[in-house]
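In the working numbering, the protein residues as written are 32 to 148.
Cβ coordinates follow ideal geometry from the N, Cα and C atoms, glycine included.
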């Protein structure tokens, strides 16, 4: 797993979501797809490597942070689709931003562990 690609990909989600809320996105967002943590490249890797990493607490921290990140992204898309764009904006700039930061931090720490093994 290239952790830096995973970090960059997930950081870019904020721009994609912001563009979606502004109505200038060229990406179609499905709330059920966005909200699932096992459909992106990182999610595939996380769930495919459970056996190899199950004893690493940082791995479980990444899984937890990644799942929360996607649930929140799904909620943003859902709120926007329901015409609650102001609530979606608030969620994007507050809870989502915090969850994104937590995920990036956890991925950086897991990367350090991975590089050391």
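Neighbourhood of residue i by C-beta, 8 Å cutoff - its chain only, sequence neighbours within 5 removed
i: residue 34; result: 138, 139, 141, 142 and 145
i: residue 81; result: none
i: residue 69; result: 75, 77 and 78
i: residue 89; result: 137, 140, 141 and 144
Same chain, Cβ closer than 7 Å to residue i, neighbours up to 5 away in sequence not counted
i: residue 107; result: 48, 119, 122, 123 and 127
i: residue 67; result: 101
i: residue 84; result: 90
Three-way DSSP call (helix, strand, coil) for residue i in this model
i: residue 55; result: coil
i: residue 103; result: helix
i: residue 74; result: helix
i: residue 113; result: coil
i: residue 85; result: coil
i: residue 146; result: helix
Sequence-distant residues of the same chain with beta carbon closer than 6 Å to residue i, five excluded per side
i: residue 65; result: 104, 105 and 108
i: residue 51; result: 60
i: residue 110; result: 118 and 119
i: residue 129; result: none
i: residue 32; result: 76
i: residue 92; result: 137
i: residue 133; result: 96
Residue from the options whose Cα sits closest to the Cα of residue i
i: residue 102; options: 73, 62, 132 and 76; result: 62
i: residue 114; options: 53, 44, 77 and 39; result: 53
i: residue 74; options: 112, 37, 135 and 133; result: 37
i: residue 135; options: 100, 112 and 86; result: 100
i: residue 71; options: 87, 133, 39 and 112; result: 39
Residue j beta carbon less than 8 Å from that of residue i
i: residue 131; j: residue 46; result: no
Given 8 Å as the limit, is there contact between the region 45 to 59 and the region 96 to 103, that is, 3 or more CB pairs closer than that? no
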